[in-house]
Amino acid sequence: GAGVSQSPRYKVAKRGQDVALRCDPISGHVSLFWYQQALGQGPEFLTYFQNEAQLDKSGLPSDRFFAERPEGSVSTLKIQRTQQEDSAVYLCASSTLQGGYQPQHFGDGTRLSIL
Amino acid sequence: DQQVKQNSPSLSVQEGRISILNCDYTNSMFDYFLWYKKYPAEGPTFLISISSIKDKNEDGRFTVFLNKSAKHLSLHIVPSQPGDSAVYFCAAINRGSTLGRLYFGRGTQLTVWP
C-alpha cells in the first residue's frame, strides 16, 4: 500500500508479557519515528531512525522498551515485561528527509492493552 | 512539561461558520508548526504547516496564523463542514536540533453540526 502500515492493530497482553509491534513505512522514506499516545493526550515522541541508525532514543520511557530497524525499512518496537502503564496507542510515522521540513506520515497505530 | 498547549479540549461550531482552533507554545526554539487532523481509530493526517518566517499560510478552507511574539498560533476553517469533525493536534519542531521530532499538544475535538 501507499501509506504507513502498522500491525497488529490491537494487542492485548497480560502484565509481564513481552510484545512486539511492527511498522512498515512508506517505501523510500528515510526517517522513521515512534510515538506513544496515552488516552486523552497528544502523541509523545519515543525514538527516531534515519535509515537503520537509531539517532535519538531519548523518549523511550525505560530500558524495557527497545526499537530496531535493521535494514532501514521495517521497524519493530519491543516492550519487555509489560506494565499496565504501557497501555496506549503506539504510532509510527515516516518522512522523506530527516523530517524537519517534510511532514511526517502516520500509520493508524497499534492499540496496546495490558491486563 | 507540556511545551505545546491546546487549552480548549473541545469546540462546537455550526456548519458554514468559522472554526478557530488555538495553540500556544513555550519553547522559543520552535521554528516550524503543523496541524494534524485525527479521526477515531486512524492515525493523524497532516493538514497544514507554517514556518516561523511567515505569519500566515493558507490552503483552501484552512488558514494558519502565527504570532511569534505571543508564541501563539491558530487554525481557521472557513466554512466549516460536518466532515471536519475530528480531533485537531497542533505540533511544533525545533528543526535545528531535534531531527524532526514533533512536540504535540493534547488536541481539540471539533464538532461541526448541521
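Note that the protein sequences, when read in sequence, are chains A and B. FYI, in our numbering the residues of the first sequence are 1 to 115. FYI, in our numbering the residues of the second sequence are 116 to 229. Even glycine gets a Cβ: it sits at the ideal position worked out from N, Cα and C.
Looking only at A/27, A/30, A/87 and A/15, the smallest Cα-Cα distance to residue 111 of chain A is reached by A/87. When beta bridges are read from the DSSP output, residue 78 of chain A appears opposite A/20 and A/66. Nearest to residue 155 of chain B by alpha-carbon distance, out of B/200, B/122 and B/181, is B/200. The Cβ atoms of residue 223 of chain B and residue 203 of chain B sit closer than 7 Å to each other. Taking all protein chains shown into account, residue 225 of chain B has 16 or more neighbouring C-beta atoms within 10 Å of its C-beta and is therefore buried. When DSSP reads this structure, residue 149 of chain B sits in a beta bridge with B/164 and B/206.
The three-state reading of DSSP puts residue 121 of chain B in coil, since its state is none of H, G, I, E or B. In the DSSP assignment, residue 2 of chain A is bridged to no other residue. Within the same chain, Cβ atoms closer than 6 Å to the Cβ of residue 136 of chain B are found at 190, 203 and 223, the five residues on either side in sequence being excluded. Residue 67 of chain A and residue 59 of chain A have their C-alpha atoms spaced approximately 11 Å apart. Distance between residue 118 of chain B and residue 228 of chain B, taken at the CA atoms: about 31 Å.
In this structure, DSSP gives residue 54 of chain A an extended state, which the three-state scheme calls strand.
Non-local C-beta neighbours of residue 105 of chain A in its own chain, meaning closer than 7 Å and more than five positions away in sequence, comprise 3, 4, 26, 93, 94 and 95, ordered along the chain.
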